[in-house]
Structure formats: C-alpha cells, structure tokens
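Below: the structure, in structure tokens.
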Amino acid sequence: MESILVLTHADETGSALNNASLEAVTAGLELASRLNAQLAIGIVAADATALSKCLPSEGARLLAVSGEAFAQARYATDAAACEALCRAVQPTIVLAPASSRFTRVAASVAHRLGGFIDTHISSIGGTDRVEATRWFYRQRVEAAISRDARPWFLLLDAGTYAAFAGATGTAQVEQVPVELPALRTMVSGFRAPTQGAQTIRPDAKMLFVAGAGWTKKQPDGQVHATEAGELIVGFLAATGASLGSSKSLVDQGGEGNSVLPFLTHLNQIGQTGSTPRHAKGLSTCCHGEEPHVVGWRFIGDRRAISLDPNCGWTRGKADVVYVADAFEVIAKVNALLGAAKA
Ligand SMILES: Cc1cc2nc3c(=O)[nH]c(=O)nc-3n(C[C@H](O)[C@H](O)[C@H](O)COP(=O)(O)OP(=O)(O)OC[C@H]3O[C@@H](n4cnc5c(N)ncnc54)[C@H](O)[C@@H]3O)c2cc1C
C-alpha cells in the first residue's frame, strides 16, 4: 500500500504557504483518495504551526520543521528539513512543488533516502499503479511514467493543479526535530527586480503577448516604439499580467532595430520559447503563426488584437479576435483601467 507525503514551504512573506505548495496538497489529496492511501503533509517554515491553518483539517497527518533557520531558502537547511520529514513519515511517494526552493534540493533528498525522482510532472493518474505524466521535446511528446522503485519523488510543475481551498485549520501538527549540518551559507537578504521591472510573472492570471507589429511602421508611415513601450508597460502595471513576446519582436534587438527595452528572449513564447500556464491570454500586434501559437497550449481563454483579418488567430487559434489597431485599443483600455482604479 502506498503512503504519500506532500512537502510544502512558506512563501516569501513567511506568513502563508506558497501557491505551488497548495497545488501539491490538492495533488496529494486526489492521489490519496484514489489509492486509498495514507497522506501526510510536511511544512518547512519559520513558524510552521501558523501555516498549518492553511492545510486540510482532516484526512492528512500534518508534520512540520520549524525555526528561524528555515525562514530563508538555503540548500543545507531545506535539504535537511525535507530529509527529516521523509524519515519521519517513511513515505513511498513524495510530492513536492517545483518551486525554486524545492527544485534545488529535491533530487538530493531523494538520493539521501535511496529513492528516485522525476521532475516537471504535469499530472498523476492511475488507480492500481501510479502513473505520472510529463512533457518532452517542447510539449510535443507526453510521457506517462511509472516506477516500481520507492520512495518515488515527483516534482510537480506549477499551475497543473488547483490550489487547495477546502476546510482548514483544526488538525494538530507534529514537530519533527532536525539535526542541522554546519551552515556555511548566510542569507543576507533578497535582491529582486521591482514589480515594474519584472515582466515575467508565472502566477499572473493573464498573459499579454507583444508581437513585432508594435515596432513596425504604422498607417502614418512612422514607427512608434516609444509609445508602444509606454502602452505595454502601462497595461502590465494596471493588470499585473505577465509579458510574453513573439520571436520576431525579441529577435529585432539583435538585428539593431527599434525594440522594446524591457523584452528579452526569456519573454519569447512558442516552439523555441516557453509554454506558460495562464487562465487568459491577450495577443497584440502578433500574427499568430503556428510556431508562436504552440506556446499557447496551456492558455485557457485566448484573445488577439490584430490589424490583419486573415492572421493566424482568426483561423481558429483564438476565441475572440479584435480586428483593430492595438495602439488605439490598449490606450483606451489603459485609460479605462486608470479611471476604474481612481
Ligand atoms: C523553427 C522556427 C521556430 C520558431 N519559433 C518561434 C517561437 O518560439 N515563437 C515565436 O513567436 N515565433 C517563432 N517562430 C517565428 C514565427 O514563425 C513567426 O515568424 C513569428 O511568430 C512572427 O512574429 P509576429 O507575429 O510578432 O510578427 P509579424 O509576422 O511581423 O506580424 C506582426 C503582426 O502585427 C500586426 N500589426 C501591425 N501593427 C498593428 C497594430 N497597430 N495593431 C494591431 N496589429 C498590428 C500585423 O498585421 C501583423 O499581423 C519560429 C519560426 C521557425 C521557422
């Protein structure tokens, strides 16, 4: 019989569990109920008892590793905490979110436990035999993996399960002691881009894609790259959307053409770019060619603004296409958003 442990950790504020951890909890609850297996949830945080209030009040044993040493992400302390939780539960299957914190330590913890690990898991199925799926070759090939070896660690990609939102709050938490190794790394703080500078936001509800049209000659025969940049940044600031781009637009920087300064190849969506997961997507000034649109595989509601009524989006690749000038539409939308905020 399988026994499942879900590993979770605090978010950057320390006062809540991070979203990807809550998604792993949903995966754990679903799997435990399907297999009729025992479920435990382990928390790594400075004050794990407070965070247990976000976890199921029944159906799972709650364990925690608490203390100031676990307030910050650090390889030595996170690996020791996860190892201690695993040794306390002796699970056959360990589910962990693919957060930067756990991605860094999960393989090492699996090794310490004599187990195996698979990463980038997008779903877990099976009733008699656990079967995990993941994508290969830029989301063209989906593999279903099963293993006899235990313990089996599965690192879950963010956005593949809904965050746990059931009844919470009353379960007792068992504190698990951890013997820490000598710590050579001191975490002195975070240095992160400000919200305005950070344009890739995996947790955002919406993806906003900028295509090459933003920096092309417009009907007046002129390029309006500065205005384009201001409109896009204004939209991102007002909505909190994540910024994606077409390949043509990010390539322009290398070709010495006008380019939006906040875009890099990391923003590129598509066959040779990324395949993000957002509930909604809005494409602007982009033609919607297949190598770009394959990156929209996991975007739910798709909309596009294009001047071209025969662009790829109108050929079944978007739910709604506005055949319109994106400069005008986004300026109007930004004004409405500004007025709504005021
Ligand atoms: C092997 C390979 C891999 C590739 N991988 C990728 C990839 O990963 N990602 C990717 O994006 N592409 C990729 N491409 C390139 C892809 O085929 C397209 O060339 C690219 O997506 C086109 O970008 P675009 O639509 O922004 O630009 P364009 O094709 O230049 O289209 C610009 C669009 O903007 C519209 N427009 C202009 N002004 C306005 C305005 N004011 N309002 C509204 N609309 C306006 C125009 O009508 C036009 O439709 C790949 C190609 C190959 C061969």
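The number in our numbering is simply the position in the sequence shown, starting from 1, with 2 added.
Yeah, the Cβ is synthetic: ideal placement off N, Cα and C, and Gly gets one too.
All of these numbers come straight from a predicted model, not from anything done at the bench.
Quiz item: Is glycine 272 near ligand 1, with its Cβ less than 7 Å from a heavy atom?
Solution: The residue given as residue 272 occupies position 270 in the sequence shown. Yes, the beta carbon of glycine 272 sits closer than 7 Å to at least one heavy atom of ligand 1.
Practice problem: Under the assumption that leucine 31 contacts alanine 98 (Cβ atoms under 8 Å), give the Cβ distance between them as a whole number of angstroms. | Solution: The residue you call residue 31 lines up with position 29 of the sequence shown. The residue you call residue 98 lines up with position 96 of the sequence shown. Actually they do not touch by this definition, with Cβ atoms about 15 Å apart.
Quiz item: Who does glutamate 135 pair with in a DSSP beta bridge?
Solution: Locating residue 135 in the sequence shown gives position 133, counting from the first residue. A small fix is needed here, since residue 135 is threonine in this sequence, not glutamate. Ser125 and Ala146.
Quiz item: Three or more beta-carbon pairs under 8 Å between the segment 285-302 and the segment 310-326, yes or no?
Solution: By the criterion of at least three beta-carbon pairs nearer than 8 Å, the segment 285-302 is in contact with the segment 310-326.
Practice problem: Name the residue from Glu176, Leu262, Asn21 and Ala344 whose alpha carbon lies nearest to the alpha carbon of leucine 65. | Solution: As a working note, residue 65 is residue 63 in the sequence shown. Of Glu176, Leu262, Asn21 and Ala344, the smallest CA-CA separation from leucine 65 is found for Glu176.
Quiz item: Any idea what DSSP makes of alanine 306, helix, strand or coil?
Solution: By one-based count along the sequence shown, residue 306 stands at place 304. The answer is strand: DSSP assigns alanine 306 an E or B state.
Practice problem: Within its chain, find whatever has a CB closer than 7 Å to the CB of histidine 349; leave out the 5 residues flanking it on each side and keep chain order. | Solution: Since the first residue shown for the chain is 3 and the last is 344, residue 349 is missing from the structure and cannot be characterised.
Practice problem: Output the distance between the C-alpha atoms of alanine 26 and leucine 33, rounded to the nearest integer angstrom. | Solution: Along the sequence shown, read from residue 1 onward, the residue named residue 26 stands at position 24. Along the sequence shown, read from residue 1 onward, the residue named residue 33 stands at position 31. Alanine 26 and leucine 33 have their C-alpha atoms some 10 Å from each other.
Exercise. Report the residue from Val180, Gly231 and Ser5 whose alpha carbon sits nearest the alpha carbon of aspartate 80.
Key: Looking up residue 80 in the sequence shown gives position 78. Of the listed residues, the one whose Cα sits closest to aspartate 80 is Val180.
Quiz prompt | Reference asparagine 269; option with closest CA among Arg106, Glu291, Pro153 and Thr201 | solution = Along the sequence shown, read from residue 1 onward, the residue named residue 269 stands at position 267. It is Thr201 whose Cα lies nearest to the Cα of asparagine 269.
Quiz item: Anyone know if the C-beta pair for alanine 22 and serine 110 falls short of 8 Å?
Solution: On the sequence shown, residue 22 is found 20 positions in, with the first residue counted as 1. On the sequence shown, residue 110 is found 108 positions in, with the first residue counted as 1. The Cβ atoms of alanine 22 and serine 110 do not sit closer than 8 Å to each other.
Quiz item: In chain order, what residues of the same chain have a beta carbon less than 6 Å from the beta carbon of glycine 231, not counting five sequence neighbours either side?
Solution: Here residue 231 refers to the residue found at position 229 of the sequence shown. Sequence-distant partners of glycine 231 (beyond 5 residues in either direction) whose C-beta falls short of 6 Å from its own C-beta, in its chain, are Leu262.
Quiz item: Going along the chain, which unbroken runs of the alpha helix (DSSP H) with 4 or more residues stay wholly within the segment 222-256?
Solution: 227-241 and 249-256, all fully within the segment 222-256.
Self-check item: Distance cut-off 7 Å: histidine 294 Cβ against heavy atoms of ligand 1
Solution: For the purposes of this step, residue 294 is identified with residue 292 of the sequence shown, where counting begins at 1. Yes, since a heavy atom of ligand 1 falls inside the 7 Å radius drawn around the Cβ of histidine 294.
Practice problem: Please decide whether phenylalanine 210 counts as near chain D, where near means a Cβ-Cβ distance under 8 Å. | Solution: Given the protein chain composition of this structure (a single chain), no chain D is represented.
Quiz item: Three-state secondary structure (DSSP) at lysine 55?
Solution: Stepping through the sequence shown from its first residue, residue 55 is reached at position 53. Helix at lysine 55.
Quiz item: Do alanine 42 and valine 91 have their CB atoms nearer than 8 Å?
Solution: Along the sequence shown, read from residue 1 onward, the residue named residue 42 stands at position 40. Along the sequence shown, read from residue 1 onward, the residue named residue 91 stands at position 89. Going by C-beta atoms, alanine 42 is nearer than 8 Å to valine 91.
Self-check item: Extent of the continuous beta strand (DSSP E) to which phenylalanine 155 belongs
Solution: In the sequence shown, the residue the question calls residue 155 occupies position 153. Counting along the chain, the unbroken beta strand (DSSP E) around phenylalanine 155 starts and ends at 154-158.
Quiz prompt | Local Cβ density within 10 Å of leucine 182, reported as buried at 16 or more and exposed below that | solution = Your numbering for residue 182 matches position 180 in the sequence shown. Exposed, since its Cβ has fewer than 16 Cβ neighbours within 10 Å.
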